[in-house]
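Using my numbering, you'd call the opening residue of the sequence shown number 5 and step up by one each time. We put the beta carbon where it would ideally sit given N, CA and C, even for glycine. Source: prediction; values computed, not measured. First up is the structure itself, then whatever we jot down about it.
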Amino acid sequence: MRVVARAKTRPINDADLAQARVFEEILQQELAELEQLVAAAAARRANRIHRDGAALQPSDELVRLRGRLTEVQRLLGALRHRFL
5 MRVVARAKTR
15 PINDADLAQA
25 RVFEEILQQE
35 LAELEQLVAA
45 AAARRANRIH
55 RDGAALQPSD
65 ELVRLRGRLT
75 EVQRLLGALR
85 HRFL
């Protein structure tokens, strides 16, 4: 069993590392999906702005999606910092 020591954290064993890699893949897939959803929602907003000629506040959907995107990015960053 390989053990990697990190400052002020418990050592990372092979099982932890394997699980982190699986979780990283799941988060990357979710991130890609959210990026597509955000792009589509932003495009719909841009079309409405162009059509109506007025600036619109971001939709609740777009705000929610951006929040989820930020959270997944944060989780992925923390996972990579800790394990990878």
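If you compare alpha carbons, which of the options is closest to residue i?
| i | options | result |
| --- | --- | --- |
| Leu80 | Arg14, Arg49, Pro62, Glu34 | Glu34 |
| Glu39 | Leu69, Thr13, Arg48, Ala24 | Leu69 |
| Asp64 | Arg49, Thr74, Asp20, Asp18 | Arg49 |
Return yes when the Cβ of residue j is within less than 8 angstroms of the Cβ of residue i, no when it is not.
| i | j | result |
| --- | --- | --- |
| Ala46 | Ile53 | no |
| Leu31 | Val76 | yes |
Using 8 angstroms for Cβ pairs, my map puts residue i next to residue j. What's the rounded Cβ distance?
| i | j | result |
| --- | --- | --- |
| Leu88 | Glu29 | Not confirmed; about 11 angstroms, so no contact. |
| Leu73 | Ala24 | Incorrect: roughly 21 angstroms between the Cβ atoms, too far for contact. |
Can you check the stretch 11-64 for any alpha helix (DSSP H) of at least 4 residues that lies completely inside it and give the ranges in chain order? 18-56
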